[in-house]
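Q: If you use the working numbering, the sequence shown corresponds to residues 1387 to 1795, in order. No residue lacks a Cβ here, since even glycine has one placed at the ideal position from N, Cα and C. Nothing here was measured: the structure is a model prediction, and the numbers come from that model.
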Amino acid sequence: MALRLFNTLTRSKDLFEPVNPVTLYVCGVTPYDTTHLGHARTYLQFDILGRHVAHHGARVDYVQNITDVDESILKRARETGVSYRELGDRFIGIYLEDVAALGLLPARAYPRATGSIEQMQEIIRRLLGDGFAYEIEGDVFFRVNRRSDFGRLSRLPRDEMLQVEATQDGSTVDDPRKEDPLDFVLWKRSAPAEPSWASPWGPGRPGWHIECSALALQYLGPQIDIHGGGSDLVYPHHECEIAQSEAVTGRHPFARFWVHVEMVRMDGEKMSKSDGNMVFVRDLLQRYSADALRLCLLRTHYRTPLDFDEPFLARQEEIASMIARAASTKVRSAATPDAELADVIAAFDEALDDDLDTPRAIQILEELSASITSSAKDERLAYGARRALRSFSSRLGLQLAPPGSPSGR
Ligand SMILES: [Zn+2]
1387 MALRLFNTLT RSKDLFEPVN PVTLYVCGVT PYDTTHLGHA RTYLQFDILG
1437 RHVAHHGARV DYVQNITDVD ESILKRARET GVSYRELGDR FIGIYLEDVA
1487 ALGLLPARAY PRATGSIEQM QEIIRRLLGD GFAYEIEGDV FFRVNRRSDF
1537 GRLSRLPRDE MLQVEATQDG STVDDPRKED PLDFVLWKRS APAEPSWASP
1587 WGPGRPGWHI ECSALALQYL GPQIDIHGGG SDLVYPHHEC EIAQSEAVTG
1637 RHPFARFWVH VEMVRMDGEK MSKSDGNMVF VRDLLQRYSA DALRLCLLRT
1687 HYRTPLDFDE PFLARQEEIA SMIARAASTK VRSAATPDAE LADVIAAFDE
1737 ALDDDLDTPR AIQILEELSA SITSSAKDER LAYGARRALR SFSSRLGLQL
1787 APPGSPSGR
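1. Run the proximity test for Glu1648: is its beta-carbon closer than 7 angstroms to any non-hydrogen atom belonging to ligand 1?
2. Does the beta-carbon of Glu1632 have 16 or more other beta-carbons within 10 angstroms, so that it is buried, or is it exposed?
3. Identify every residue that forms a DSSP beta bridge with Gly1615.
4. Could you please go through the chain and list the residues whose beta-carbon is closer than 5 angstroms to any non-hydrogen atom of ligand 1?
5. Which parts of the stretch 1475-1534 are runs of the beta strand (DSSP E), unbroken and 3 residues or longer, counting only runs that do not cross its ends?
6. Is the number of C-beta pairs between the stretch 1440-1454 and the stretch 1664-1678 that are closer than 8 angstroms three or more?
7. By Cβ distance, which residues of its chain are closer than 6 angstroms to Thr1409, with the 5 residues on each side in sequence left out?
8. Could you check the C-alpha separation between Gly1556 and Phe1570 for me, to the nearest Å?
9. Please report the residue range of the alpha helix (DSSP H) in which Lys1461 lies.
10. Let me know the alpha helix (DSSP H) ranges lying completely inside the stretch 1567-1611, each 4 residues or longer, listed in chain order.
11. Comparing C-alpha positions only, which one of Ala1725, Ala1641, Ile1596, Gly1436 sits nearest to Arg1494?
12. Considering Cα atoms alone, identify which of Lys1399, Met1387, Ser1617 is closest to Asp1741.
13. Is it buried or exposed, Asn1406, if we count other Cβ atoms within 10 angstroms and call 16 or more buried?
14. CB Asp1618 to CB Arg1651, shorter than 8 angstroms?
15. Alpha carbons only, please: which of Pro1639, Pro1543, Phe1528, Leu1542 is nearest the one belonging to Gly1593?
16. Determine the burial state of Lys1656: buried for a count of at least 16 other Cβ atoms within 10 Å of its Cβ, exposed for fewer.
17. In its own chain, which residues sit with a C-beta less than 6 angstroms from the C-beta of Phe1402, not counting the 5 before and 5 after it?
18. If you follow the beta strand (DSSP E) that Phe1698 is in, where does it begin and where does it stop?
19. Within 10 Å of its beta-carbon, does Phe1698 have 16 or more other beta-carbons around it, so buried, or fewer, so exposed?
20. Name the DSSP beta bridge partners of Glu1655, please?
21. Could you tell me the distance, in whole angstroms, from the CA atom of Gly1515 to the CA atom of Tyr1496?
22. Quick one: is Pro1404 buried, meaning 16 or more other Cβ sit within 10 Å of its Cβ, or exposed?
23. Which whole-angstrom value is the C-beta distance of Leu1488 and Val1667, which I expect to be below 8 angstroms?
24. By alpha-carbon positions, which one of Ile1705, Val1620, Thr1635, Val1665 ends up nearest to Val1647?
25. What does the Cβ neighbour count give for Arg1397, buried or exposed, with the cut at 16 atoms within 10 Å?
26. On the three-state DSSP scale, how would you describe His1422?
27. Apart from the five residues on each side of it in sequence, which residues of its chain come closer than 8 angstroms, Cβ to Cβ, to Asp1566?
28. Could you tell me the distance, in whole angstroms, from the CA atom of Gly1366 to the CA atom of Ala1444?
29. Take Pro1608 and list the residues in its own chain whose beta-carbon comes closer than 7 angstroms to its own, dropping the five residues that flank it on each side.
30. I think Ile1434 touches Gly1662, with their Cβ atoms under 8 angstroms apart; what is that distance to the nearest whole Å?
31. Measuring straight from C-alpha to C-alpha, what distance separates Thr1715 and Ala1728?
32. Could you give the first and the last residue of the continuous beta strand (DSSP E) run that contains Thr1394?
33. Do Ala1600 and Ser1458 have their C-beta atoms within less than 8 angstroms of each other?
34. Tell me where the beta strand (DSSP E) around Gln1450 begins and ends.
35. With a threshold of 8 angstroms on Cβ separation, who are the neighbours of Arg1498 within its own chain once the five nearest residues in sequence on each side are excluded?
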């Protein structure tokens, strides 16, 4: 495998040395609403990465957490009069249905944060014991100035970090009890009527960042090969994960590769609930096939923001049908692929090896489909080409449902 993957840590395309299994941790959803296109894009990229690594013979040990207790889910629970548990159960069910409908390879585990409170408390105890954290009135904060390399992932200057912190967690950035405004919450004393767990620091609940350090350690070990998520998680979430994990395990680096997927935009703006410009996966799958949606999302490289455009998605439906037709072209004889086809296969491999260049890979797939359609009478060529086409399609996760079938709308 000669995969070069853009690593946010180094800001370069680094050679991904093959290991088996490849441990992959991706930050998952907060289950209080339906899966939107931004989620789909992020998790689809890690599906492509998993397929690519598997194609090269390595197993992927993939874990994706579920943040089932935090500010946003508690707020939604208050608004709807439903408990955070019920909300979690309902939207985790919907999420798993949506990603299955998109044909994403399942993770080995989808651990819920609330299933590992003890593990988080154990980490917090050790951080306190080693002076990486301090407790004030039932809240526990991470002491950022004990990590001289805090900020090495995001490379943000301190004043910019403070601004991000302010917009993300305004309730704590100005907390005068903190030694440093950048210190972040590990354990939070629960407000009245909020869910809480007993702890040595009084009843409370975990901060957001600590769950991923705890779950990665519990499910994958002290160091992982690839850590992924949306690009909006680089700071503070992933920066804080690095600080906690490396402080508690003494192992460096926590993750060899950090892979971040850019956002999906509507009319040039990030999709957000407050602007009411969300597009949900299940709504789109009522009208378009999973293959068309995959092609639509994968036609923009994952490190470029994607501007969602429904007419473009509609055109991908036609292309998905053309690929499915070419794949089902009937041919009889088996022959070794000719030299030209070998070049096509090599080009496809090179595209994915080059930081998962799916736009280029799809271009190659599309050209191959067109050439099969036009040369269907040349059986020798068509047989090898059709095999290659099926292989390319499966590496991009296309299901190739025949046009007109229920799943190939
Ligand atoms: Zn996370």
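A: Here's the rundown:
1. No, ligand 1 has no heavy atom inside 7 angstroms of this Cβ.
2. With 16 or more Cβ atoms within 10 Å of its Cβ, Glu1632 is classed as buried.
3. Beta-bridge annotation (DSSP): Gly1615 is paired with His1646.
4. The set, ordered by position in the chain, is Cys1413, Cys1598.
5. Qualifying beta strand (DSSP E) stretches, in chain order: 1519-1522, 1525-1528.
6. In short, these stretches do not touch, since the Cβ pair count stays below three.
7. Same-chain partners within the cutoff: Asp1447, Leu1606, Ile1610, Asp1611.
8. Because Gly1556 carries a pLDDT of 44, less than 50, the predicted location of this residue cannot be relied on, and no value is offered for it.
9. Element bounds for Lys1461: 1457-1466.
10. If we require 4 residues or more, the alpha helix (DSSP H) runs fully inside the stretch 1567-1611 come out as 1594-1606.
11. Considering only alpha carbons, the answer is Gly1436.
12. Closest option to Asp1741, Cα to Cα, is Lys1399.
13. Exposed is the call here.
14. No, Cβ-Cβ distance for Asp1618 and Arg1651 is not below 8 angstroms.
15. Measuring from the Cα of Gly1593, the nearest candidate turns out to be Phe1528.
16. Answer is exposed; the Cβ neighbour count stays below 16.
17. Excluding positions up to five away in sequence, the list reads Leu1389, Leu1391.
18. For Phe1698, there is no enclosing beta strand (DSSP E); the enclosing alpha helix (DSSP H) covers residues 1696-1713.
19. The residue in question, Phe1698, is exposed, as its Cβ has fewer than 16 Cβ neighbours within 10 Å.
20. DSSP output for Glu1655 lists Met1652 as bridge partner(s).
21. Going by the C-alpha atoms only, they are around 30 angstroms apart.
22. Answer is exposed; the Cβ neighbour count stays below 16.
23. At roughly 7 angstroms, the Cβ-Cβ gap stays under 8 angstroms, so Leu1488 and Val1667 are in contact.
24. Of the residues Ile1705, Val1620, Thr1635, Val1665, the one whose Cα lies closest to the Cα of Val1647 is Val1620.
25. Note on Arg1397: under 16 other CB atoms within 10 angstroms of its CB, so exposed under the neighbour-count rule.
26. Here His1422 sits in strand by DSSP.
27. Contacts found: Arg1529, Val1530, Asn1531.
28. Absent from the model: residue 1366. The displayed extent of the chain is 1387 to 1795, so no value can be given.
29. Here the set comprises Thr1635, Arg1637.
30. Between Gly1662 and Ile1434 the Cβ distance is about 30 angstroms, and since that is not below 8 angstroms, they are no contact.
31. Computed Cα separation, rounded: 20 angstroms.
32. First-last for Thr1394: undefined, no H or E at that position.
33. Not a contact, by the Cβ cut-off of 8 angstroms.
34. Start and end: 1446-1450.
35. Closer than 8 angstroms at the Cβ level, and outside the excluded window around Arg1498, lie Asn1451, Ile1452, Asp1454, Gly1474, Ile1478.
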